[in-house]
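In UniProt numbering, the protein residues as written are 1 to 147.
For every residue, glycine included, the Cβ atom is placed at its ideal position computed from N, Cα and C.
Note sheet for the following structure.
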Amino acid sequence: MPNFSAAMTSGQTFTLSGRPARATVLFFYPKDNTPGCTTENMAFRDLHEQFTAAGVEIYGISRDSLRSHESFKAKLGLPFELISDPEEAVCQAFGVMKQKKMYGKEVRGVERSTFVIDAQGRLVKEWRGVKVPGHVDEVLEFVARRG
1 MPNFSAAMTS GQTFTLSGRP ARATVLFFYP KDNTPGCTTE NMAFRDLHEQ
51 FTAAGVEIYG ISRDSLRSHE SFKAKLGLPF ELISDPEEAV CQAFGVMKQK
101 KMYGKEVRGV ERSTFVIDAQ GRLVKEWRGV KVPGHVDEVL EFVARRG
């Protein structure tokens, strides 16, 4: 796994190698306050207690600013932190930047992706090109099965 440090909400800095010795879910999403991203963040919020009970920490990552993230987090009542990656360094390290079609135009953006990293820092599962409906349930099922 590529180690990285990045600013996140609540005035904290996330460092992959410095996180507690527990499993981690990192989910990359395109943009705060858009329909799919809002739905995905709310799904992680609504199942947060089950993820915590399974010994898993959740972090959302997008290219939005910390200011945007703080507002989005407060608006949705998110119980987990959001990581800001405006320079796309983390997105590049995880290979989630893709050419996409939006309204008939080619744009470069974040491919919705989720990564599960075990307590030892090893990547154990990844989902790329995620469709929001049912995805968070699938992630929870995977981490709960791993114990």
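- Query: Can you tell me whether Pro20 is buried or exposed, with buried defined as 16 or more other CB within 10 angstroms of its CB?
  - Reply: Pro20 is exposed by the Cβ-count criterion.
- For Phe4 versus Ala93, is the C-beta distance shorter than 8 Å? The answer is yes: Cβ separation under 8 Å.
- Task: Decide if the stretch 21 to 39 is in contact with the stretch 72 to 91; the criterion is three or more beta carbon pairs, one per stretch, under 8 Å apart.
- Result: Contact holds: three or more Cβ-Cβ distances are below 8 Å.
- What are the partner residues of Gln120, as DSSP defines its beta bridges? Per DSSP, none; premise fails for Gln120.
- Check Leu76 in the structure and name its three-state DSSP category. Looking at Leu76 - three-state DSSP - the assignment turns out to be helix.
- Message: So Val143 and Val116 are supposed to be a Cβ contact under 8 Å. How far apart are they, rounded?
- Response: The Cβ separation is near 6 Å, so the contact holds.
- Among Ala6, Glu138, Gly55, which has the Cα closest to the Cα of Ser65? The option with the nearest alpha carbon to Ser65 is Ala6.
- Task: Thinking Pro86 and Arg122 are a contact (beta carbons under 8 Å), I'd like their distance in whole angstroms, please.
- Result: Actually they are not in contact, since the Cβ atoms of Pro86 and Arg122 sit about 28 Å apart, beyond 8 Å.
- Is it right to say Arg22 is buried, meaning 16 or more other beta carbons lie within 10 angstroms of its own, or is it exposed? Burial check for Arg22: the Cβ neighbour count within 10 Å stays below 16, so the residue is exposed.
- Whose CA, out of Val90, Gln50, Val110, lies closest to the CA of Thr15? Of Val90, Gln50, Val110, the residue nearest in Cα terms is Val90.
- Item | Gly11 versus Ile58 - alpha carbon distance | CA-CA distance, Gly11 to Ile58, rounds to 17 Å.
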